[in-house]
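Peer 1: One structure, pasted below without further comment.
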Amino acid sequence: MESIFFSEKEQAYASEVREFMRLEARPHVLAMDRENKYPFELLRKMGQRGYIGVRFPSGYGGGGLNMMHEAIANEETAAQSYALACARSVPHHCAFIIANYGSEEQKKKWLPGIFKADIITAECITEPTGGSDAARMKSVADRKRDCWVIKGEKRFQASGAVADLFIVFAMTNRDVHPTKGMSVFAVEKGTPNIVAMEEFDTLGWRGLRIVSELIFDNTAIPAENLIGEENQGFPILMDMLNSERILVASGLLGTARTCLEMATAYTMEREAFHRPIYKFEGVSFKVAEMATRLEAAGLMRTKAARMLDMGLDVTKIAAMAKGFAAENSYWIANEALQVMGGIGYTTKHDMERHFRDIRGGMVAVGTNEIMRLVVQREHYKEFAQTIQSK
Ligand SMILES: Cc1cc2nc3c(=O)[nH]c(=O)nc-3n(C[C@H](O)[C@H](O)[C@H](O)COP(=O)(O)OP(=O)(O)OC[C@H]3O[C@@H](n4cnc5c(N)ncnc54)[C@H](O)[C@@H]3O)c2cc1C
């Protein structure tokens, strides 16, 4: 981590998290990938160290730091495993909604447990009929006296099969534009009429217990479990996604960095035609390109995190950072696997796991196409404002 972009405190924090992960993560990471085992124990240890909810107020059990530190924690976790970084960051996304829009009672009730990993959370946005066009979700919630009744089906929730608390988006007013008729709710495990039927078997992000069918079948929750105001759900979702995208970019950076390190070391050791293979420009130029793309992705992510910490609108830069990191970390992992030859394709090394994990980054939290959709929309908006002001 270079000093011109990071303070001494940030560099020390990165070293601390990296060392913790290097010493603690491996058995849990392998159990996630090979046995589909959710890392409860490691998450609790991370919670005790303040590595979950890094940017949230210490008064609620958070780390009391800022987004840059949260991003560093995700990057260093993902250097061991992107799937683990996802388990670390889902609590952030759910806590973000409660911390920024919830009532004082909601914050006190849920945030400390989330940050200690005593309460596992899942964010419920995507549905079987679509994820990209979130405003058109079909789940509904209707007010009945002192409760809300939710009816709908969600899909793809990371940590969903083991969650204690679901943060659920649903339509509460079908007579207005969908962006003005959505609300967000906290639904606790054990509430009658929640049906979690199946889990997906996925290419990567294994052990995250991603649900394939999560059905709210007239699930009645207390009226006070509405988070924020009624029909405020869409702006809350957009606000949350900006932070989430910066953390996804950070995670992908961490995993891609490990791929680059592995590839570099391997090309120095492995010999062919009487010399180490990095002596061939066909190999070392790939490594140069990997390093260049990683650098560019890192700069974009860091700009996004810094802007967020300054309170600026990050909609465009967060989408740029996420989309750019997704495409380039995949490119890096693919080329890193290539320079390792056949052994890179086996489970003898971690490369194949990282390759599988990184591929998910192009789909989750908005696909590459949706990131371009956001960037072009913001770009044209800014351009029109520039023309008007001339
Ligand atoms: C590993 C993983 C973890 C996930 N975790 C969660 C989670 O925790 N919670 C949650 O709610 N969801 C989660 N998701 C769901 C994820 O956010 C969605 O899969 C994603 O948003 C895409 O939605 P979809 O799968 O319905 O694809 P669709 O929306 O059906 O899109 C299909 C294809 O059409 C393209 N497309 C759609 N619209 C446009 C357009 N306007 N222009 C160009 N192309 C377009 C898309 O880019 C995509 O290639 C997860 C997904 C994965 C794979």
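In terms of the numbering used here, the sequence shown opens at residue 1 and continues consecutively.
Every residue, glycine too, gets a C-beta built ideally from N, C-alpha and C.
Keep in mind it's a predicted model, so treat the numbers as computed, not measured.
1) Closest by CA to Ala95, which one among Glu76, Val211 and Gly62?
2) Compute the distance between the beta-carbons of Ala170 and Gln106, then report whether it is under 8 Å.
3) Taking the DSSP output, what are the residues bridged to Thr121?
4) Which of the three DSSP states is assigned to Arg275 in this structure?
5) If I follow the unbroken alpha helix (DSSP H) through Asp217, where does it start and stop?
6) Residue range of the alpha helix (DSSP H) that Ile332 falls in?
7) Let me know if Leu337 comes out buried or exposed under the rule of 16 or more other beta-carbons within 10 Å of its beta-carbon.
8) Could you tell me which of Asp118, Pro235, Leu226 and Val375 sits nearest to Lys144, measuring between CA atoms?
9) Check Val283 in the structure and name its three-state DSSP category.
10) Comparing the CB of Glu123 with every heavy atom of ligand 1, is any distance shorter than 7 Å?
11) Identify every residue that forms a DSSP beta bridge with Met182.
12) Closest to Thr77 by CA distance: which of Ser389, Gly282 and Leu247 is it?
13) Got a sec? Which residues, its chain only, sit under 8 Å from Met362 by beta carbon, not counting five neighbours each side?
14) Cβ-heavy atom distance between Gly323 and ligand 1 below 7 Å?
15) Please determine whether the Cβ atom of Trp331 lies at a distance below 7 Å from any heavy atom of ligand 1.
16) Just checking, does the segment 258 to 274 make contact with the segment 282 to 293 on the three C-beta pairs under 8 Å criterion?
17) Give the DSSP bridge partners of Cys147, in chain order.
18) Count the other CB atoms within 10 Å of the CB of Arg136; is the residue buried (16 or more) or exposed (fewer)?
19) Does the separation of the CB atoms of Leu294 and Ala256 fall below 8 Å?
20) Using a Cβ-Cβ cut-off of 6 Å (strictly less than) and excluding sequence neighbours within five positions of Thr219, which residues of its own chain qualify?
21) Quick one: using the 10 Å Cβ neighbour count with 16 as the cut-off for buried, is Val176 buried or exposed?
22) When you compare the segment 307 to 320 with the segment 371 to 381, are there three or more beta-carbon pairs, one atom per stretch, that lie closer than 8 Å?
23) Measuring CA to CA, which of Glu271, Ser15 and Lys109 is closest to Asn74?
24) Can you round the beta-carbon distance between Ile236 and Val184 to whole angstroms, since I take them to be within the 8 Å contact cut?
25) Going along the chain, which residues of its own chain have a beta-carbon closer than 8 Å to the beta-carbon of Leu308, five neighbours each way excluded?
26) What are the boundary residues of the beta strand (DSSP E) that Ala196 is part of?
27) So what does DSSP say about Val187, is it helix, strand or coil?
28) I need the DSSP call for Gly361, collapsed to helix, strand or coil.
29) Could you pull out every unbroken alpha helix (DSSP H) segment of at least 4 residues lying fully inside the segment 40 to 124, listed in chain order?
30) Return yes when at least one heavy atom of ligand 3 lies under 7 Å from the C-beta of Asp133, else no.
31) By the DSSP assignment, the alpha helix (DSSP H) with Asn399 in it spans what residues?
32) Nearest to Ile332 by CA position, among Leu165, Leu253, Glu271 and Glu269, is which residue?
33) What would DSSP say about Ile227, mapped onto helix, strand or coil?
34) Look up Gly152 in the DSSP assignment and give the residues it is bridged to.
35) So, do the segment 102 to 116 and the segment 49 to 60 have three or more beta carbon pairs nearer to each other than 8 Å?
Peer 2: Considering the structure as presented:
1) The count along the sequence shown starts at 1 and reaches residue 95 at position 95. Comparing Cα-Cα distances from Ala95 to each of Glu76, Val211 and Gly62, the minimum goes to Gly62.
2) Residue mapping note: residue 170 aligns to position 170 of the sequence shown, counting from 1. Residue mapping note: residue 106 aligns to position 106 of the sequence shown, counting from 1. It is not a contact, given that the beta carbons lie outside the stated cut-off.
3) Along the sequence shown, read from residue 1 onward, the residue named residue 121 stands at position 121. Answer is Leu165, bridged to Thr121.
4) Position 275 of the sequence shown, counted from the first residue, corresponds to residue 275. Strand, per DSSP.
5) For the purposes of this step, residue 217 is taken as the residue at position 217 of the sequence shown. In the DSSP assignment, Asp217 falls outside any alpha helix (DSSP H) and within the unbroken beta strand (DSSP E) covering Val211 to Pro222.
6) Against the sequence shown, residue 332 aligns to sequence position 332. The continuous alpha helix (DSSP H) containing Ile332 extends over residues Thr315 to Val339.
7) In the sequence shown, counting from the first residue as 1, residue 337 sits at position 337. Around the C-beta of Leu337, 16 or more other C-beta atoms lie within 10 Å, and the residue is accordingly described as buried.
8) Locating residue 144 in the sequence shown gives position 144, counting from the first residue. Just measuring C-alpha positions, the residue of Asp118, Pro235, Leu226 and Val375 sitting nearest Lys144 is Leu226.
9) Walking along the sequence shown from the start, residue 283 turns up at place 283. The answer is helix: DSSP assigns Val283 an H, G or I state.
10) Locating residue 123 in the sequence shown gives position 123, where the first residue counts as 1. Yes.
11) Indexing the sequence shown from 1 puts residue 182 at position 182. Looking at the DSSP assignment, Met182 forms a beta bridge with Met171.
12) As a working mapping, residue 77 is identified with position 77 in the sequence shown. It is Leu247.
13) The residue labelled residue 362 in the question sits at position 362 within the sequence shown. Correct list, in chain order: Ala326, Glu327, Tyr330 and Asn368.
14) Here residue 323 corresponds to residue number 323 of the sequence shown, with the count starting at 1. No, since every heavy atom of ligand 1 falls outside the 7 Å radius drawn around the Cβ of Gly323.
15) Counting from one through the sequence shown, the residue named residue 331 turns up at place 331. Not so, every heavy atom of ligand 1 lies at least 7 Å from the Cβ.
16) Taking 8 Å as the limit for Cβ pairs, the verdict is that the segment 282 to 293 does touch the segment 258 to 274.
17) Mapped onto the sequence shown, residue 147 falls at position 147. For Cys147, DSSP records a beta bridge to Lys144 and Pro222.
18) Here residue 136 refers to the residue found at position 136 when the sequence shown is read from its first residue. Arg136 should be labelled exposed.
19) Mapped onto the sequence shown, residue 294 falls at position 294. Mapped onto the sequence shown, residue 256 falls at position 256. Yes, they are a contact pair.
20) In the sequence shown, counting from the first residue as 1, residue 219 sits at position 219. Sequence-distant Cβ neighbours of Thr219 in its own chain, meaning closer than 6 Å and more than five residues away, are Ile150, Thr191, Asn193 and Ile194.
21) Along the sequence shown, read from residue 1 onward, the residue named residue 176 stands at position 176. Label assigned to Val176: exposed.
22) The answer is yes - the segment 371 to 381 touches the segment 307 to 320, with three or more Cβ pairs under 8 Å.
23) Taking the first residue of the sequence shown as position 1, residue 74 is located at position 74. Check the Cα spacing between Asn74 and each of Glu271, Ser15 and Lys109: the tightest is with Ser15.
24) Looking up residue 236 in the sequence shown gives position 236. Looking up residue 184 in the sequence shown gives position 184. Val184 and Ile236 do touch by the CB rule: their CB atoms are close to 6 Å apart, below 8 Å.
25) Within the sequence shown, the letter at position 308 stands for residue 308. Within the same chain, Met67, Asn242, Ser243, Ile246, Val314 and Ala318 come within 8 Å of Leu308 by CB-CB distance, once the 5 residues on both sides are set aside.
26) Within the sequence shown, the letter at position 196 stands for residue 196. DSSP places Ala196 inside the beta strand (DSSP E), whose first and last residues are Ile194 to Glu199.
27) Looking up residue 187 in the sequence shown gives position 187. It is a strand residue.
28) Sequence index remark: in the sequence shown, residue 361 carries index 361 (1-based). When DSSP states are grouped into helix, strand and coil, Gly361 belongs to the helix group.
29) For the segment 40 to 124, whole alpha helix (DSSP H) runs of length 4 or above, ordered along the chain, are 40 to 48, 67 to 78, 82 to 101 and 104 to 115.
30) Absent from the structure shown: ligand 3. Ligands present: ligand 1.
31) Nothing can be reported for residue 399: it is not among the residues displayed for the chain, which extend from 1 to 390.
32) As a working note, residue 332 is residue 332 in the sequence shown. It is Leu253.
33) Here the question's residue 227 lines up with position 227 in the sequence shown. Three-state result, Ile227: strand.
34) Within the sequence shown, numbered from 1, the residue matching residue 152 stands at position 152. In DSSP, Gly152 forms a bridge with Phe216.
35) Yes: at least three Cβ pairs fall under 8 Å.
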